[in-house]
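Numbering (the working numbering), first residue to last: -3 to 214. C-beta: ideal position from N, C-alpha, C; glycine also. If you're wondering where the values come from, they're calculated on a predicted model, not measured in any experiment. What follows is a short report on a single structure.
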C-alpha cells in the first residue's frame, strides 16, 4: 500500500493482455465480416446472366424480319448494345495495339467495328421473323465470368443455330464480352483478321481506314 492508504496500480498480467488482444481481434473480425457482407450485397447482380441473354434475344426476335440498315442499327442500339461491353470487346479484337491508340482512334475503331458487325449479321436479322429462341444452360467460368448456351431455330425447319455468350460481371450487371455462332467465337475470329490488316497496312490507322471503307461499301 502506498502512502495515503491507496493500493498501488497492479501491472497487467499475461492473461489480462491476452483477453484484451482477443477482444480486439473479435472486433476486427466482426468489422471484416460486416464489410464482406456489404460488398457481397452490393455486388449481387440485378439480373442473372441467363435473364440478360433471354431478354435481349427475345426483344430482337420480337421485331421480326428487318431488311434495311437503319432499322437494324436502331434495333442493335436499343436492344443489344446496353447489354454489351463493346469497348472491351473491341479492345480484345484489336489486340495489344489498342493500348497505344488514342481516344479518337478508339472511338473510330468502335464505330467501325459496330458497323462491320451490323453488316455481317444483317442477313441473319432479315430471317429473324418467326425464329424461336431456346436457353439451354449456363456455367460459371470464374467468379466474374459466365457462359450461356442457347440456340435459335429460324423458319423453314432447319437445324437450330448454336448461339453462345460469354458475359463478365461489372459492378452489379452482366455484360456480354464475346459471342459464339456455331462454335466460332467472334472476338478471336476478328482478332486474327484485324492483326493481318494492321500488319499489312501499318497499324491502327490502317485498320480504321479498312473498317470505315467496309462500312461504306455497297
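When DSSP reads this structure, residue 186 sits in no beta bridge, so it has no partner. With a threshold of 16 other beta carbon atoms within 10 Å, residue 108 meets it and is buried. Rounded to the nearest angstrom, the gap between the Cα atoms of residue 156 and residue 63 is 22 Å. DSSP, reduced to helix, strand and coil, places residue 205 within a helical segment of the structure shown. Residue burial annotation: residue 160 is buried, with at least 16 other C-beta atoms found within 10 angstroms of its C-beta. Annotation: residue 148 to residue 113 spans about 18 Å, alpha carbon to alpha carbon.
Across the set 150, 57, 152, 170, the C-alpha of 170 shows the shortest separation from the C-alpha of residue 144.
Beyond the five residues adjoining it in sequence on each side, residue 71 comes within less than 8 Å, by CB distance, of 56, 59, 62, 121 in the same chain, given in chain order. If the five residues before and after residue 142 are omitted, its C-beta is found closer than 6 Å to the C-beta atoms of 45, 134, 136, 163, all from its own chain and listed in chain order.
Closest by C-alpha distance to residue 146, out of 131, 154, 199, is 131.
A residue is called buried once 16 or more other Cβ atoms fall within 10 Å of its Cβ, and residue 195, having fewer, is exposed.
Given a length threshold of 3 residues, the region 40 to 80 has no whole run of the beta strand (DSSP E) inside it.
Contact between the region 69 to 85 and the region 192 to 206 is absent: fewer than three C-beta pairs spanning the two stretches fall below 8 Å.
Boundaries of the alpha helix (DSSP H) around residue 90: 82 to 90. Within the same chain, Cβ atoms closer than 6 Å to the Cβ of residue 210 are found at 112, the five residues on either side in sequence being excluded. Within the region 129 to 169, the runs of beta strand (DSSP E) at least 3 residues long that lie entirely inside it are, in chain order, 141 to 149, 157 to 166.
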